[in-house]
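Chemist: Letter by letter, the sequence shown follows residues 1 to 120 of the numbering used here.
Ideal placement from N, C-alpha and C gives every residue a C-beta, glycine not left out.
Note that this is a predicted model, so its numbers are computed, not measured.
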Amino acid sequence: YPRLENKLRQVMADYVGDIKTEKGLKTGLEKLRALEAGMDEVNAENFHELMRVAEMRDLLLVGKLVATAAAERKESRMGSAHVRGDYPATDDDHFHGSMILKKGRGNTIRVTFEPADKIS
1 YPRLENKLRQ VMADYVGDIK TEKGLKTGLE KLRALEAGMD EVNAENFHEL
51 MRVAEMRDLL LVGKLVATAA AERKESRMGS AHVRGDYPAT DDDHFHGSMI
101 LKKGRGNTIR VTFEPADKIS
């Protein structure tokens, strides 16, 4: 798992980091899915290792959620918090609100958008 953790860090830095693009986010998601598939081959020899493996699964899920939300938000927003190289402008007409991510069918991520004026 230490090797997988390093790969996860590298994928997030390279493809979901400071300046995001659709191509980079798509590649990052593919790499995250490949890492996730490799988790089935990771063995834990004690409870500490089992905890680390469980943490790695959680980190992969968080990485996929972040990359998915970033891919859906086709704009740049909040200074340097979310910068899209392919969408440098803020688009309040389409993206002033919250991305809602939920578990979908077949272990997919379902994304909906809630406009800011509808959020209670």
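#1: Could you give the distance in angstroms between the alpha-carbon of residue 83 and the alpha-carbon of residue 74?
#2: Within the continuous alpha helix (DSSP H) that includes residue 103, where are the two ends?
#3: Bridge partners of residue 121, per DSSP?
#4: Rank 60, 78, 47, 55 by C-alpha distance to the C-alpha of residue 37 and give the top, closest one.
#5: Helix, strand or coil: which one does DSSP assign to residue 150?
#6: Identify which residue in 44, 71, 95, 87 has its Cα closest to the Cα of residue 110.
#7: To the nearest angstrom, how far is it from the Cα of residue 64 to the Cα of residue 101?
#8: How many angstroms separate the CA atom of residue 94 from the CA atom of residue 21?
#9: Alpha carbon to alpha carbon, what distance is there between residue 46 and residue 31?
#10: Measuring straight from C-alpha to C-alpha, what distance separates residue 86 and residue 48?
#11: Compare the Cα-Cα distances from residue 66 to each of 4, 7, 13 and report the closest residue.
#12: Per DSSP, which residues does residue 87 bridge with? Please list them.
#13: According to the Cβ coordinates, are residue 80 and residue 88 closer than 7 Å?
Modeler: The answer reads as follows:
#1: Taking the first residue of the sequence shown as position 1, residue 83 is located at position 83. Taking the first residue of the sequence shown as position 1, residue 74 is located at position 74. So the alpha carbons of these two residues sit roughly 10 Å apart.
#2: Within the sequence shown, residue 103 is the residue found at index 103, counting from 1. First-last for residue 103: 97-103, but that is the beta strand (DSSP E), not the alpha helix (DSSP H).
#3: As displayed, the chain neither begins before 1 nor continues past 120, which places residue 121 out of reach and without an answer.
#4: Start at 1 with the first residue of the sequence shown, and residue 37 comes out as number 37. By alpha-carbon distance to residue 37, the top candidate from 60, 78, 47, 55 is 60.
#5: This structure does not reach residue 150, given that the chain is present from 1 up to 120, and the question cannot be answered.
#6: By one-based count along the sequence shown, residue 110 stands at place 110. The residue among 44, 71, 95, 87 with its C-alpha nearest the C-alpha of residue 110 is 71.
#7: As a working mapping, residue 64 is identified with position 64 in the sequence shown. As a working mapping, residue 101 is identified with position 101 in the sequence shown. About 11 Å.
#8: Along the sequence shown, read from residue 1 onward, the residue named residue 94 stands at position 94. Along the sequence shown, read from residue 1 onward, the residue named residue 21 stands at position 21. The straight-line gap separating the alpha-carbon atoms of residue 94 and residue 21 is approximately 18 Å.
#9: Counting from 1 along the sequence shown, the entry for residue 31 is found at position 31. Counting from 1 along the sequence shown, the entry for residue 46 is found at position 46. The straight-line gap from Cα to Cα measures roughly 28 Å.
#10: Counting from one through the sequence shown, the residue named residue 86 turns up at place 86. Counting from one through the sequence shown, the residue named residue 48 turns up at place 48. Linking residue 86 to residue 48 through their CA atoms gives a straight-line distance of about 42 Å.
#11: Counted from its first residue, the sequence shown places residue 66 at position 66. Closest option to residue 66, Cα to Cα, is 13.
#12: Taking the sequence shown and counting its residues from 1, the one referred to as residue 87 is at position 87. 84, per the DSSP bridge assignment.
#13: Here residue 80 refers to the residue found at position 80 when the sequence shown is read from its first residue. Here residue 88 refers to the residue found at position 88 when the sequence shown is read from its first residue. Residue 80 is not a Cβ neighbour of residue 88, given a cutoff of 7 Å.
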